[in-house]
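Trainee:
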Amino acid sequence: MAMGWAVVLRGFFPLCLRRLARLTANNYMGARIRPVRTDLTVTCRYPLWTTHPVRTLHLCSNLCAGHNKWSKVKNIKGPKDAARSRMFMKFGMMIRIAVKEGGSSNPEFNLALANVVEQCRGKNMPKVSIEAAIKGAEKSKAGTQHTYEARGPGGCMLLIDMLTDNNTRSHQDLKHLLSKHGAALCDGVRHNFSRKGVVVAQGQGVSSERALELAIEAGAEDVQETEDEDDKALLQFVCDMTELKKVRTSLEELGVRTVSAGLEFVSHTPMQLPQAQLEAALSLIEALSDCLDVVRVWDNIQAHD
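Mapped onto mature numbering (1 follows the signal peptide of the UniProt record, and there is no 0), the consecutive letters of the sequence shown carry residue numbers -18 to -1, 1 to 287.
#1: Kindly indicate the opening and closing residues of the alpha helix (DSSP H) around Asp155.
#2: Assign Phe91 to one of two classes, buried (16 or more other C-beta atoms within 10 Å of its C-beta) or exposed (fewer than that).
#3: Can you tell me whether DSSP reads Lys109 as helix, strand or coil?
#4: Quick one: grab the DSSP three-state call for Thr224.
#5: On the premise that Phe219 lies in contact with Val181, defined as a C-beta separation below 8 Å, what is that separation, rounded to the nearest angstrom?
#6: Give the secondary structure of Glu235 by DSSP, where H, G and I count as helix, E and B as strand, and everything else as coil.
#7: Measuring only the C-alpha atoms, how far is Leu95 from Ala80?
#8: Rounded to whole angstroms, what is the Cα-Cα separation between Pro256 and Ala263?
#9: Provide the residue span of the beta strand (DSSP E) that contains Ala132, from first to last.
#10: Using only alpha-carbon positions, find the residue among Ser190, Lys178, Ser87 that is nearest to Lys121.
#11: Considering just the uninterrupted stretch of the beta strand (DSSP E) at Val180, what are its terminal residues?
#12: Which residues bound the alpha helix (DSSP H) around Gln257?
#13: Determine, using beta-carbon pairs with one atom in the stretch 266 to 278 and one in the stretch 202 to 219, whether at least three such pairs fall under 8 Å.
#14: With distances taken from CA atoms, which of Leu196, Leu156, Pro252, Gly164 is nearest Ile142?
#15: Can you grab the Cα-Cα spacing for the pair Gly136 / Met253, in whole Å?
#16: Under the assumption that Asn174 contacts Met139 (Cβ atoms under 8 Å), give the Cβ distance between them as a whole number of angstroms.
#17: How about Cys168 and Glu131: are their beta carbons less than 7 Å apart?
#18: Should Leu226 and Ala243 be called a contact, given that it needs their Cβ atoms to be closer than 7 Å?
#19: Quick one, are the C-beta atoms of Ser232 and Ala200 less than 7 Å apart?
#20: Going along the chain, which residues of its own chain have a beta-carbon closer than 7 Å to the beta-carbon of Leu236, five neighbours each way excluded?
#21: In three-state terms, what does DSSP make of Gln101?
#22: Can you tell me the Cα-Cα spacing of Ala230 and Leu93, whole angstroms?
#23: Between Thr129 and Asn149, which are expected to be in contact by the criterion C-beta below 8 Å, what is the C-beta distance as a whole number of angstroms?
#24: Do you know how far the Cα of Ile267 is from the Cα of Lys72?
#25: On the criterion of 16 or more Cβ atoms from any shown chain inside 10 Å, does Ser67 qualify as buried, or is it exposed?
#26: Determine, using beta carbons only, whether Cys221 comes closer than 7 Å to chain C.
#27: Answer with buried or exposed for Asp147, where buried requires no fewer than 16 other C-beta atoms within 10 angstroms of its C-beta.
#28: State yes or no: is the C-beta of Ala183 within less than 7 Å of the C-beta of Val238?
#29: Identify the continuous beta strand (DSSP E) that holds Glu207 and give its terminal residues.
Structural data, given as structure tokens:
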């Protein structure tokens, strides 16, 4: 009887060992990986470790693909988002000025605020951000608004509108920035600009002759061709401040799609600059626009034909 049990167990144990080997190989560290045979294995009739082909387990982090999405976000989307954020911040400052000058936070009773809000919408500023800026203008500290006069490279003239709660700091920062770009504060520049109403409209497919006809029919004094930040053609219809709403309504009745309308400083002594001085002047205007306290910058630089 004992001899019989010995025979049974002799066949049972090797079978258990083989099944244990398969189970261990299939579930080792949660992956279907067969352990590598080592020097500890000895020749036996029923080896625990198998000698089937081994698949290597890599524990290092995955390598990035050749195309890196973040590089596009960083080099393209990042700068655009930063410029968009600065633009919205400037609009917030313009809203503060409009509320202060108009004495009301309701666009229906404040024409200046209504014009700024419309410009914000034209630049796709979110409605929530516009409403937050209007509410913030009521509670914000009473900043001081200044319009500085300056001469830039090549003798171009600049009007720099600033809103700040620290006049001394802003004045010193502005002087340093102008000096760095070959410019300086200068009196008498304002006489070369006039306060006008400006209606901005889309200009794709509109010839210069047709734009002039539209200006005459709408009652505008002049029309200028320009471009937005995306290089899309725009038309600026210049009119008297009191005729702003009338000119815009007339243009829309003539089938012109307007983008915004507001009061701006328009130069009546435009000048063209040589290429080197033009690049220096544009670099200065860009640096001024990036300044936190600067709301708007007007210049008398005329584009080359």
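Beta carbons are placed, not taken as given, at the ideal position from N, Cα and C, and that holds for glycine.
Bear in mind that the values here come from a model prediction, so they are computed numbers and not experimental data.
Mentor: This is what the structure gives:
#1: Per DSSP, the unbroken alpha helix (DSSP H) holding Asp155 starts and ends at 149 to 162.
#2: With fewer than 16 Cβ atoms within 10 Å of its Cβ, Phe91 is classed as exposed.
#3: Residue state, collapsed to three classes: helix.
#4: DSSP places Thr224 within a helical segment (H, G or I) once states are collapsed to three.
#5: Contact holds; Cβ gap of about 4 Å.
#6: The three-state secondary structure of Glu235, taken from DSSP, is helix.
#7: Ala80 has its alpha-carbon roughly 5 Å from the corresponding atom of Leu95.
#8: Going by the C-alpha atoms only, they are around 10 Å apart.
#9: In the DSSP annotation of this structure, the continuous segment of the beta strand (DSSP E) that includes Ala132 starts and ends at 126 to 133.
#10: Lys121 has its Cα closest to that of Ser87, out of Ser190, Lys178, Ser87.
#11: Residues 175 to 184.
#12: For Gln257, the enclosing alpha helix (DSSP H) covers residues 257 to 272.
#13: With contact defined as three or more Cβ pairs closer than 8 Å, the stretch 266 to 278 and the stretch 202 to 219 are not in contact.
#14: Ranked by Cα distance from Ile142, the first of Leu196, Leu156, Pro252, Gly164 is Leu156.
#15: Distance from the CA of Gly136 to the CA of Met253, rounded to the nearest whole angstrom, comes to 9 Å.
#16: Contact holds; Cβ gap of about 5 Å.
#17: It is a contact, given that the beta carbons lie within the stated cut-off.
#18: Yes; because the gap between Cβ atoms is below 7 Å, this pair is in contact.
#19: Yes, they are a contact pair.
#20: The beta carbon of Leu236 lies closer than 7 Å to those of Leu196, Glu199, Ala200 in the same chain, with the five residues before and after it left out.
#21: Helix.
#22: According to the sequence displayed, residue 230 carries Arg and not Ala. Going by C-alpha positions, Arg230 is about 14 Å away from Leu93.
#23: In this structure Thr129 is not in contact with Asn149, their Cβ atoms being roughly 13 Å apart against a cut-off of 8 Å.
#24: If I take the Cα positions, the gap works out to 15 Å.
#25: Classification of Ser67: exposed, given that the 10 Å Cβ count is below 16.
#26: Among the protein chains of the structure shown there is no chain C, as only one such chain exists.
#27: Of the other Cβ atoms in all chains shown, fewer than 16 fall within 10 Å of the Cβ of Asp147; this residue is therefore exposed.
#28: Against a cut-off of 7 Å, the Cβ pair of Val238 and Ala183 comes out as a contact.
#29: Following the DSSP letters along the chain, one finds Glu207 inside the beta strand (DSSP E) bounded by residues 204 to 209.
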